[in-house]
Every structure is written in C-alpha cells, then in structure tokens.
Amino acid sequence: MHDGIPIALGYLVVSFTLGIAARNAGLSPAEGFLASLLNNASAGEYAGFTVIAADAPYLTIILLTLVANARYLLMSCVISQKFAPDTSIGHRILIAFDITDEIFGITIARKGYVAPFYNYGAMAVAMPGWSIGTLLGIVAGNILPPSVVSALSVALYGMFLWIIVPPARADRVVGALVTASFAASFAAAHIDVLAARSAGTRTILLTVVLAGLGAALSPIAEKADAAGKSAASEKEDA
Numbered sequence: 254m255h256d257g258i259p260i261a262l263g264y265l266v267v268s269f270t271l272g273i274a275a276r277n278a279g280l281s282p283a284e285g286f287l288a289s290l291l292n293n294a295s296a297g298e299y300a301g302f303t304v305i306a307a308d309a310p311y312l313t314i315i316l317l318t319l320v321a322n323a324r325y326l327l328m329s330c331v332i333s334q335k336f337a338p339d340t341s342i343g344h345r346i347l348i349a350f351d352i353t354d355e356i357f358g359i360t361i362a363r364k365g366y367v368a369p370f371y372n373y374g375a376m377a378v379a380m381p382g383w384s385i386g387t388l389l390g391i392v393a394g395n396i397l398p399p400s401v402v403s404a405l406s407v408a409l410y411g412m413f414l415w416i417i418v419p420p421a422r423a424d425r426v427v428g429a430l431v432t433a434s435f436a437a438s439f440a441a442a443h444i445d446v447l448a449a450r451s452a453g454t455r456t457i458l459l460t461v462v463l464a465g466l467g468a469a470l471s472p473i474a475e476k477a478d479a480a481g482k483s484a485a486s487e488k489e490d491a
C-alpha cells in the first residue's frame, strides 16, 4: 500500500481529465466510477469513451478497447514470472485484473519472487484513486461552465503527449511510428474508403497496422535475445 499511494495520487489527477471525456460521452458519475473500477487503462478507457460518444455499436467498443489494452497481455506474461511457481491460479487471475503500467513497474522492480499480497496492497489504493478521479471529473464537468469543460478536455490530449513524447525522443523507431500515426490518422479521415468507416473502426485498423509494422521492422524481442546472447558470450569468455 505504501508503494501504491504515489500511484493513486497520480491516478487521481490523470483520471480527472478522463472523467471530462466520460462526461462528454454522457456517462453519469456512478457509471464513470464503475467504468474506471473495471478498466484501469487510460488509453483503453479514452478510446472506449470516444466511441461511446459517437454512439458506436458494442462490437466496435469491445474491439477498440481490446486493441488499446493489448499490451497488458504481454505484461501479464512477464509479471507471471515474478510469482512463485506454486502461486494459485486464483491469485494470478486477481493480480492480472489490475496490471497497469505503474503497478507492473513496481512489481518488476522488486528482487526475487513477489507475494500476491504486495500487488493487492498496491491495487487497494490505486484502483480507488483512478475511479474516484474519474467520478470527480464527471461531477466537475456537470458543474463547471461549458468553456471551462472545453478547456479541461484539452488537458487529456496534453496527458497523452506527455506519455508519448519521452519514448519518442528516446527511440527513433517509436518517434517515426508516432509521426506516422498522426499522418495516417489525418489521411484516413480524408480518404473516401476509410472516411466512410466509423472513427472506432479507423482507429482499430490503424493501430493494428502500425503496431504490426513496428514489430516487424524493429522487433524488440530479437534485440533482447541478441543482447542476452552477447552478455552470455562475454561471461563465458571472462
């Protein structure tokens, strides 16, 4: 819980801006709270709220949320190795329910095996922080003047810029993909064949295509394997 408190405070601020998007999608404070309680994912939730606001069909919402949250499948595979082999499937399922970037980070940072209750402690404060922040954002959106709500909506885009700029500056491949995503999104909205599709469908297609190109052109796993083999070779030589 000690390690989860800073995460909860950060979640409270970030999810407040997410609550503005939920409010614009027509969700009530209770619905926004429940949505964030069951889906701790900023990108996934924002994508979901966006297509909900566009009155998209359920299948589009499901597919878009699945694609936006696909990275958590990989995180689950990694984090499962941090628990003792005899850890029950029940514990693993409960832990997998709230694998976020931040909780993943503090779990991986600990040395040796991690007890499931470490994750439960972090989740116990992080999840309410995220959910309450969304609720407060919706409440504020219902009270504040439209001009202020519009200004707060821009804050969410600032949050996403804050997320993508550091990795884009650190990795040229990521930077190129981010730039390509901007250009492809703009083009898709003006090409007749794609423009006729819903915004959710275009987002799903662009995400899968660009992520697939990035994985094919710059496979991180192969780099990691090469680095591991190199380190092992150096160790043998030493």
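Be aware that the sequence shown starts at 254, since it is given in my numbering, and climbs by one per residue.
Every residue gets a Cβ at the ideal spot worked out from N, C-alpha and C, and that includes glycine.
These numbers were taken from a predicted model, which means no experiment stands behind them.
Notebook entry, point to check: Buried or exposed: Val320, going by 16 or more other Cβ atoms within 10 Å of its Cβ?
Noted result: buried
Notebook entry, point to check: Out of curiosity, what's the CA-to-CA distance linking Ala433 and Asp424?
Noted result: 14 Å
Next item on the list: Assign Ala323 to buried or exposed, taking buried as 16 or more other Cβ atoms, counted over all protein chains shown, within 10 Å of its Cβ.
Entry: exposed
Notebook entry, point to check: Run through DSSP, which three-state label would Tyr432 get?
Noted result: Here residue 432 is Thr; the residue named in the question, Tyr, does not match the sequence. Note: Thr432 maps to helix in three-state DSSP.
Checklist line | Cβ-based burial, Ala300 [other Cβ within 10 Å; buried from 16] | finding: buried
Note to self: Taking a contact to mean a Cβ-Cβ separation below 8 Å, would you say Ser281 touches Thr387 in this structure?
What the structure shows: no
Next item on the list: Provide the residue span of the alpha helix (DSSP H) that contains Tyr373, from first to last.
Entry: Pro369 to Ile396
Item checked: Minimum C-alpha distance to Ile391 - residue among Gly285, Asp256 and Leu312 -> Gly285
Checklist line | Neighbour-count burial assignment, Asn395, 16 or more Cβ in a 10 Å radius | finding: exposed
Next item on the list: Would you mind giving the Cβ-Cβ distance between Val401 and Ser471, rounded to the nearest angstrom? I have them listed as a contact below 8 Å.
Entry: Between Ser471 and Val401 the Cβ distance is about 42 Å, and since that is not below 8 Å, they are no contact.
Check: Residues in its own chain within less than 7 Å of Ala437 by CB, not counting five upstream and five downstream?
Finding: Leu459 and Leu463
Item checked: Where Ser438 falls: helix, strand or coil (DSSP) -> helix
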